[in-house]
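S.K.: Each position in the sequence shown, counted from 1, maps to that position plus 20 in this note's numbering.
Positions of the beta carbon are idealized from the N, C-alpha and C atoms, including for glycine.
As the structure is a computational prediction, the values presented were derived from the model and not from experiment.
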Amino acid sequence: MKSLIMKTSIACMLVTTACRHNSSKEDNFDWTVDRFADVEILRYKVLGFEELTLNQKQLIYWLTQAALSGRDILWDQNGLYNLDIRDLIENVYSNYKGDKSNPEFQALETYMKQIWMGNGIYHHYSMDKFQPKFSETFLVEEINQLPDELKPKNSEVLLNVIFNPETLPKKVNQESGADLIKTSATNLYGPGVTQKEVEDYFAKIKNPNDTTPISYGLNSRVVKLENGEIAEETYKIGGLYSNAIEQIVANLNNAKEFAENESQKEVIEKLIEYYQTGDLKKFDEYSILWLDETDGQVDFINGFIESYGDPLGMTGSWESIVNFKNNEASHRTEILSSNAQWFEDNSPTDPRFKKPVVKGVTAKVINAAILAGDSYPATPIGINLPNADWIRANHGSKSVTIENITSAYDEASHGNGFNDEFVIDQETKELLDKYLFITDNLHTDLHECLGHGSGQLLPGVDPDAMKAHGSTLEETRADIFALYYLADPKLVELGLLDNKDAYKAEYYKYLLNGLMTQLMRIEPGKDIEEAHMRNRKLISEWVLEKGKPGNVVELIKKDGKTYLKINDYEALRDLFGQLLTEIQRIKSEGDYEACNELVEKYAVKVDPELHKEILERYEGLNIAPYKGFVNPVYSLVTDKDGKVIDVTVDYNEDYVNQNLRYSKQYRTLK
Ligand code: ZN
21 MKSLIMKTSI ACMLVTTACR HNSSKEDNFD WTVDRFADVE ILRYKVLGFE
71 ELTLNQKQLI YWLTQAALSG RDILWDQNGL YNLDIRDLIE NVYSNYKGDK
121 SNPEFQALET YMKQIWMGNG IYHHYSMDKF QPKFSETFLV EEINQLPDEL
171 KPKNSEVLLN VIFNPETLPK KVNQESGADL IKTSATNLYG PGVTQKEVED
221 YFAKIKNPND TTPISYGLNS RVVKLENGEI AEETYKIGGL YSNAIEQIVA
271 NLNNAKEFAE NESQKEVIEK LIEYYQTGDL KKFDEYSILW LDETDGQVDF
321 INGFIESYGD PLGMTGSWES IVNFKNNEAS HRTEILSSNA QWFEDNSPTD
371 PRFKKPVVKG VTAKVINAAI LAGDSYPATP IGINLPNADW IRANHGSKSV
421 TIENITSAYD EASHGNGFND EFVIDQETKE LLDKYLFITD NLHTDLHECL
471 GHGSGQLLPG VDPDAMKAHG STLEETRADI FALYYLADPK LVELGLLDNK
521 DAYKAEYYKY LLNGLMTQLM RIEPGKDIEE AHMRNRKLIS EWVLEKGKPG
571 NVVELIKKDG KTYLKINDYE ALRDLFGQLL TEIQRIKSEG DYEACNELVE
621 KYAVKVDPEL HKEILERYEG LNIAPYKGFV NPVYSLVTDK DGKVIDVTVD
671 YNEDYVNQNL RYSKQYRTLK
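#1: Does DSSP put Ala-383 in a helix, a strand or coil?
#2: Buried or exposed: which applies to Leu-511, given that a residue is buried once 16 or more other Cβ atoms fall within 10 Å of its Cβ?
#3: Which one or two residues does DSSP pair with Ile-321 in a beta bridge?
#4: Counting C-beta neighbours from all protein chains within 10 Å, is the total for Ile-665 16 or more, i.e. buried, or is it exposed?
#5: Is Ala-498 near the ligand ZN, judged by its Cβ being under 7 Å from some heavy atom?
#6: How about Ser-367 and Leu-600: do their beta carbons lie closer than 8 Å?
#7: Please classify Glu-46 as buried or exposed, where buried requires at least 16 neighbouring CB atoms within 10 angstroms.
#8: Just verifying my parser: in three-state terms, what is the DSSP assignment at Leu-166?
#9: Short check: CB of Glu-110 to CB of Met-137, under 8 Å?
#10: Can you tell me whether Asn-533 sits near the ligand ZN, meaning its C-beta is under 7 Å from at least one heavy atom of the ligand?
#11: Hey, Ala-428 and Trp-51 are a contact pair by Cβ (cut 8 Å); roughly how many whole angstroms apart?
#12: In three-state DSSP terms, what is Thr-668?
#13: List the whole-angstrom C-beta distance separating Pro-652 from Tyr-675, where the pair is believed to meet the contact cut-off of C-beta under 8 Å.
#14: Could you have a look at Glu-46 and say whether DSSP puts it in helix, strand or coil?
#15: What would DSSP say about Tyr-530, mapped onto helix, strand or coil?
#16: Flag Glu-495 as yes when its Cβ comes closer than 7 Å to any non-hydrogen atom of the ligand MN, and as no otherwise.
#17: State the Cα-Cα distance for the pair Ala-614 and Glu-561, rounded to the nearest angstrom.
#18: Answer yes or no: the CB of His-415 versus the heavy atoms of the ligand ZN, is any distance below 7 Å?
#19: Between Leu-108 and Pro-172, which are expected to be in contact by the criterion C-beta below 8 Å, what is the C-beta distance as a whole number of angstroms?
#20: Taking the alpha-carbon positions, what's the Cys-39 to Trp-338 distance?
#21: Could you have a look at Leu-79 and say whether DSSP puts it in helix, strand or coil?
#22: Do you know offhand how far Asp-370's Cα is from Glu-574's?
#23: For my contact list, Ser-563 and Leu-514 are in at a C-beta cut-off of 8 Å; report their separation, rounded to the angstrom.
#24: Where do the N-terminal and C-terminal ends of the alpha helix (DSSP H) with Phe-125 fall, by residue?
#25: On the three-state DSSP scale, how would you describe Arg-55?
#26: My guess is that Glu-252 and Val-242 are in contact by the Cβ rule of under 8 Å, so how many angstroms apart are they, rounded?
#27: Examine the Cβ distances between the region 475-491 and the region 502-511 and report whether three or more of them are shorter than 8 Å.
#28: Any idea which residues DSSP pairs Asn-404 with across the strands?
#29: Do you know how far the Cα of Ala-591 is from the Cα of Phe-438?
#30: Report the rounded CA-to-CA distance for Ser-29 versus Ile-401, giving the unit in angstroms.
#31: Output the residue ranges of the alpha helix (DSSP H) runs that lie fully inside the region 623-678 and measure 4 residues or longer, sorted by chain position.
#32: Grouping DSSP H, G and I as helix and E and B as strand, with all else coil, what is Ser-683?
Structure, rendered in structure tokens:
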């Protein structure tokens, strides 16, 4: 089970003006920072930071420094030429003496913003290489204008990578049939390594009887040595990315001094040990310590965590999020997690696939203080970690919903016209206005804190049995679990919803997204590849088809436009229950064939006509399909003796200045 972060920004895109639930609105706060290509950059507020103690603020300060220090690692993981291309484009941009209204220059600026968004030259979601809209001639002329020390030594190679659509076209290829490593441009594998060689290599070193296996390949680049042997280059001090990791560790050492309690200090120390040794056993020890540390208000993740960036789903992309608990909102997830066993016992799945005892599902609502690595600028809205199956089974997992991020999405989306264009009628619009914010957050809570943690594998079933479909199936499982329970009267009974029909808002939005509106993120002619998008399509298409006899859900035409119509919400919930049962069976039994069939039949192929229609309708709205964020800037305030007396937060830095600054200040590789 690898994919545990909801890499989505769509969750809150539908909410319109009427809802002002946990409103943090201040009239002069600019939620929107920048807009380019298919992206809108937002700001988020670090609500509650001022109320933290000086000690906590300093802890956060140093953890944010540790977070930002890893930036270059991710860039390099995402592609061999990323750092060189970033330097080149930023240098040309900063040294440009010509007319800034020149369309060539403006296209270069857009390209620069795009590669910042992708942490490299590939789209963060579609994984396709960005196609620059400026000419090669323009770039070559500008390179010639650069001072000698800024001229790249490998210009020709870089120009070919930037401009030739055939060269390294895709970061992660998931198309079955091809050699997934050879056809993926990610730098997690060295030149000449094949998928088969990697699979054989890990098959040889894995012990099938190990009940507490390390996460093989999580922190290494797999390469082919001169003698043809396959080997791992480990990310650690003294190994690959040493310089960046040294900076991270130096900042973690500073942070450690401000730990809120002994066990939080141990967490940081164990993480340092892991970075020093690259030993994945230590990473597991760290993960368990991290899980058990629930007393501190401040928390963070920092490391090689999610493996969406690896075509084989093993190596973790570097990321960090620093956060602190939002005590008020956490009440919601605490109620869910304290009832975890009830949800497990009452699910419609086969009793053999249920956990007899659900262990330690800790859930909380947090506010992010910094987003970094793979969580910047595009960020998750919920996290459930650790990823190792045996740790989850034996020790549970920690699950969070990032409320200041969902709230920023909500604030920024008000009045964008989306509902008027896509929602079928006034009644449904009102339903969404009233209940979508809360049911959407609850859906995330259920997905993260109960969905991923539910169920068990039958003895002897390989956790990696779903192969390339592992992420899709796991996300489907968590989402369908959440959907099923969202309509349960239990939520009203627990005081989490005040209306038994509230769930309909999320049901409508979920299917609308899965069947129609998420297609706006796909280029014409392309299939759906990203795990979360596949999972939403799988669920939505499945209930559409299975609900046909009872006319549960339908797509209808009005004035030439397609609309989603849900005729029977209760029957829809039953269908979700049936699918949950089947998905859990597939996972528990390791039934790859059934999984493959579901994915291929429901999750991948796009109806070209509907796709075209969605893109056209969407274009008229001028809403960016993807959102990213800028971080606030933290500064230590000292008195005349140099003693730290406060840490301040500033929200004024824009996207361009922030990224140019990061490239200078946190330059750790090359
Ligand atoms: Zn998930």
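M.R.: The relevant details are as follows:
#1: strand
#2: buried
#3: Ile-341
#4: exposed
#5: yes
#6: yes
#7: Model confidence at Glu-46 stands at a pLDDT of 47, short of 50, so the residue's coordinates are unreliable; what they give is reported in the following sentence. Counting Cβ neighbours within 10 Å, Glu-46 comes out exposed, since fewer than 16 surround it.
#8: coil
#9: no
#10: no
#11: 6 Å
#12: strand
#13: Their Cβ separation, rounded to whole angstroms, is 13 Å, which puts Pro-652 and Tyr-675 out of contact at 8 Å.
#14: Confidence at Glu-46 is low in this model, with a pLDDT of 47, below 50, so its placement is unreliable and the value that follows should be read with caution. If DSSP states are grouped into helix, strand and coil, Glu-46 belongs with coil.
#15: helix
#16: Looking for the ligand MN in the displayed structure turns up nothing; the ligands present are the ligand ZN.
#17: 16 Å
#18: no
#19: 5 Å
#20: Because Cys-39 carries a pLDDT of 28, less than 50, the predicted location of this residue cannot be relied on, and no value is offered for it.
#21: helix
#22: 30 Å
#23: Per the sequence shown, the amino acid found at residue 563 is Val instead of Ser. Not quite, the Cβ-Cβ distance comes to about 26 Å (not below 8 Å), so this is no contact.
#24: 123-138
#25: strand
#26: 6 Å
#27: no
#28: Ser-419
#29: 27 Å
#30: For Ser-29, the pLDDT reaches just 30, beneath the cut-off of 50, and the residue's location in the model is therefore unreliable, leaving the point undetermined.
#31: 628-641
#32: helix
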